[in-house]
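Enquirer:
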Amino acid sequence: MEQYEALKALVTAGEPVTVWQKLYVYVYQAFIYKDRWKQYLNGVQTTLYVTAIALLIGVFLGLIVAIVRTAHDQQRKGHRNVLLGAINFVFNIYVTVIRGTPMMVQLMIMGFVIFASSKDFALVGALTLGINSGAYTSEIIRGGLMAVDVGQMEAGRSLGLGYTDTMRFVIVPQAVKAILPALGNEFIVLLKDTSLISVIGGKELIYAARGVVSRTYEAMFPFLGAALIYLVLVMAFTWLLSIFERRLRASDRR
Amino acid sequence: MKKTIAVLLSLVMLFALTAAVAEGEFTTIEKGKLTYATSPDFPPFESRDDEDNIVGIEPDIMALIGEKLGLEVEAVPMDFASALLAAQLGKTDLVVSGVTATGEKAIERSTWFDFTDTYVDIQQAIVFKEGADITMDNLGEQSIGVQAGTTGQDLTEDSFGEDKVTAYDTYSLAFQALLNGQVDCIVLDDAVGKAYVAQHPGLTMVQTTYDVESYAFGVFKQDTGLLDALNAALQELIADGTVDAIIAQWYN
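Here the protein sequences line up with chains S and V, keeping their order. All residue numbers for the first sequence refer to my numbering, where the first residue is 1 and numbers rise by one. All residue numbers for the second sequence refer to my numbering, where the first residue is 255 and numbers rise by one.
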């Protein structure tokens, strides 16, 4: 602390100092001075909180949309269900609109127009990210469901399972295994996209880093630190996914 | 061989020396051009007009300074926190965006860029919706909106803690949040607050008791040639009353 203040005074006065002393001052003021690491920690908490909620919403929405759209597309000719057609139409609009507009614009609309009275900026951000992620996830899941051979459904049905049961015990487990890498990709993008919610006032990791930058006028270490934290989070995430994947592959014969 | 190198080197150095002198007393990042970073959501100091020109007190002063120094002047718009960094890293020659050059903030800032002389005084003020009863005394109980990187952010965060304060990239977004009721008030420089209150009916403003601050331009730290030239030009404009006239014109 005292050492930092002495060195900081030297740097501020433009006195010659060694590279290591300068480095010490920069790192100290970026992370340790005035307990600034707590700001990053709070930021990481919000980032994880937002990611978790968005993930749940995204998977839930994605699964429903994907199942309905697959069911609609795989109807037999001449047996069109009108209700299914209507829901499919609505979901189609949802996917088109969400995938067709930038994340940032969606955040601004949700944050400043639709939820104009909400003061919980992180939650609004999580909701927006979840709705956004749902559209992408639905297409990934749909791809997985469509990829499972028709024979699987026929086999399930001819063994006396209902449509729902066949889906639940035969089709979805096979689909999930196939789409896991793509799904992992989407989750990683989602985790990193949480950095956008600072636009509407969400106090996540980048918000904290920028706060420190604007106080110290030193951009390198706060941003490098934030990047490192994201990297670690994503690596941890990837590791968890790989464990899950390995478990699903346990019965594979190849 | 060694001799030839020595001769060549000294020739190069001589050439470099004459080149530097030939360019004049000051150097800019782009030759013949004075570039400044600014956050054009800060009326009356700088804002965007309908033709997307950056207009206001500071662009007017900069245009006159450019004339005096014989330089073409170019404004580079960006958000405030980035504008400060631009002048610090030498992406632009200057940051001209209502930069406070007094108090604790200035000591920190002057590590990173040189300040010209100050030319106007302002104080922090609180803007809120009419009907709300907000003063300096109960400011700590409100949710406060600020622009990221401003003195308003530092002062309120130091007084009331980071949880009470939400920093937005631009004032446009901060005011949208205020009108939506997402924050209770905005703490910002009084001249700017006044301009926003004039634009948005239903808003009102009170002064804070924070210290009076002064604005100056932040100059990329290199040789002091440019700083001296800018100061000379600025002092001329202050002395003949031009700066005051420009300020008076835009304040109304």
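Backbone N, C-alpha and C define an ideal beta-carbon position, used for all residues, glycine too. Only a predicted model underlies this, so the values are computations on that prediction, with no experimental measurement involved.
Less than 8 Å between the beta carbons of V:V349 and V:A340, yes or no?
Expert: A contact, by the Cβ cut-off of 8 Å.
Enquirer: For V:E312 and V:T292, which I take to be in contact (beta-carbon distance under 8 Å), what is that distance rounded to the nearest angstrom?
Expert: Their Cβ separation, rounded to whole angstroms, is 7 Å, which keeps V:E312 and V:T292 in contact under 8 Å.
Enquirer: What ranges does the beta strand (DSSP E) occupy inside the stretch 322-348 of chain V, keeping only unbroken runs of at least 3 residues that lie completely in it?
Expert: Qualifying beta strand (DSSP E) stretches, in chain order: 326-331.
Enquirer: Helix, strand or coil, according to DSSP, for V:Y373 in the structure here?
Expert: DSSP places V:Y373 in coil when its eight states are reduced to three.
Enquirer: Distance check for S:I197 and S:E204, CA to CA, integer angstroms please.
Expert: The alpha-carbon atoms of S:E204 and S:I197 are separated by roughly 7 Å.
Enquirer: Assign V:A276 to one of two classes, buried (16 or more other C-beta atoms within 10 Å of its C-beta) or exposed (fewer than that).
Expert: Any reading at V:A276 must be qualified, since the residue scores a pLDDT of 36, below 50, and its modelled position is unreliable; no value is offered.
Enquirer: Measuring CB atoms only, is the stretch 402-413 of chain V touching the stretch 70-86 of chain S, in the sense that at least three cross pairs come out at less than 8 Å?
Expert: Not touching, per the Cβ criterion.
Enquirer: How close, in whole Å, do the beta carbons of V:D423 and V:D498 come, if the pair is a contact with beta carbons under 8 Å?
Expert: Their Cβ separation, rounded to whole angstroms, is 32 Å, which puts V:D423 and V:D498 out of contact at 8 Å.
Enquirer: Select from the stretch 361-385 of chain V all residues with a C-beta closer than 9 Å to any C-beta belonging to chain S, and list them in chain order.
Expert: Correct list: I361, E362, R363, S364, T365, W366 and F367.
Enquirer: Excluding the 5 residues flanking V:S397 on each side, which residues of the same chain have their C-beta closer than 6 Å to its C-beta?
Expert: Contacts found: V437 and D438.
Enquirer: On the criterion of 16 or more Cβ atoms from any shown chain inside 10 Å, does S:G130 qualify as buried, or is it exposed?
Expert: So S:G130 counts as buried.
Enquirer: Taking the beta carbon of V:Y505 as the centre, do at least 16 other beta carbons fall within 10 Å, making it buried, or is it exposed?
Expert: Under this definition V:Y505 is an exposed residue.
Enquirer: DSSP state of V:V275, grouped into three classes?
Expert: Confidence at V:V275 is low in this model, with a pLDDT of 38, below 50, so its placement is unreliable and the value that follows should be read with caution. Of the three classes helix, strand and coil, the one that applies to V:V275 here is helix, per DSSP.
Enquirer: Can S:Y230 and S:K177 be called in contact, C-beta distance under 8 Å?
Expert: For S:Y230 and S:K177, no; Cβs fall outside 8 Å.
Enquirer: What are the start and end residues of the alpha helix (DSSP H) that includes V:K383?
Expert: Not the alpha helix (DSSP H): V:K383 falls in the beta strand (DSSP E), residues Q378 to K383.
Enquirer: Taking a cut of 9 Å between CB atoms, which residues from the stretch 134-151 of chain S lie near chain V?
Expert: So the list is empty, because no residue satisfies the distance condition.
Enquirer: Pull up the DSSP beta-bridge partners for V:M459, would you.
Expert: BP columns for V:M459 point to V:V381.
Enquirer: Taking the beta strand (DSSP E) that V:F474 belongs to, which residues open and close that run?
Expert: From DSSP, the beta strand (DSSP E) with V:F474 extends over E467 to F474.
Enquirer: What residues of chain V sit near S:S195, judged by a beta carbon separation below 9 Å?
Expert: Within 9 Å Cβ-Cβ: nothing; S:S195 doesn't reach chain V, min ~13 Å.
Enquirer: For V:D465, decide whether its Cβ has a neighbour in chain S, counting only Cβ atoms nearer than 8 Å.
Expert: Not one chain S Cβ lies under 8 Å of V:D465.
Enquirer: Select from V:E328, V:G344, V:S351 and V:D375 the residue whose C-alpha is nearest the C-alpha of V:D444.
Expert: Of V:E328, V:G344, V:S351 and V:D375, the residue nearest in Cα terms is V:D375.
Enquirer: What residues are listed by DSSP as bridge partners for V:T289?
Expert: Partner(s): V:E328.
Enquirer: Using a Cβ distance threshold of 8 Å, determine whether the stretch 24-33 of chain S contacts the stretch 50-62 of chain S, with at least three qualifying pairs required.
Expert: Because the criterion of three Cβ pairs below 8 Å is not met, the stretch 24-33 of chain S and the stretch 50-62 of chain S do not touch.
Enquirer: Cβ of S:A54 less than 8 Å from any chain V Cβ?
Expert: Cβ-Cβ to chain V under 8 Å: no for S:A54.
Enquirer: Name the chain S residues whose beta carbon is nearer than 8 Å to that of V:T346?
Expert: Under the 8 Å cutoff, chain S gives no residues; its nearest Cβ is about 15 Å from V:T346.
Enquirer: Measuring CB to CB, does V:V381 end up less than 8 Å from V:G435?
Expert: Contact: no.
Enquirer: How about V:F299 and V:V473: do their beta carbons lie closer than 8 Å?
Expert: Not in contact: V:F299 and V:V473 (Cβ atoms no closer than 8 Å).
Enquirer: Say whether the stretch 218-235 of chain S touches the stretch 58-69 of chain S, bearing in mind that this needs 3 or more beta-carbon pairs closer than 8 Å, one atom from each stretch.
Expert: Touching, no.
Enquirer: What does S:A116 reach in chain V if we use C-beta pairs closer than 8 Å?
Expert: Simply N434, G435 and Q436.
Enquirer: Please check if any C-beta of chain S sits within less than 8 Å of the C-beta of V:S397.
Expert: Closer than 8 Å: yes.
Enquirer: Using a Cβ-Cβ cut-off of 8 Å, state whether V:D408 counts as contacting chain S.
Expert: It does; some Cβ of chain S falls within 8 Å.
Enquirer: Would you say V:D423 lies against chain S (beta-carbon separation less than 8 Å)?
Expert: True, the Cβ-Cβ gap to chain S drops below 8 Å.
Enquirer: When DSSP labels each residue in this structure, what does S:A116 get in the three-state scheme?
Expert: Looking at S:A116 - three-state DSSP - the assignment turns out to be coil, as it is neither helix nor strand.
Enquirer: If you reduce the DSSP assignment to three classes, tell me which class S:T12 lands in.
Expert: Note: S:T12 maps to helix in three-state DSSP.
Enquirer: Alpha carbon to alpha carbon, what distance is there between S:E245 and S:L180?
Expert: Whole-angstrom Cα-Cα distance: 7 Å.
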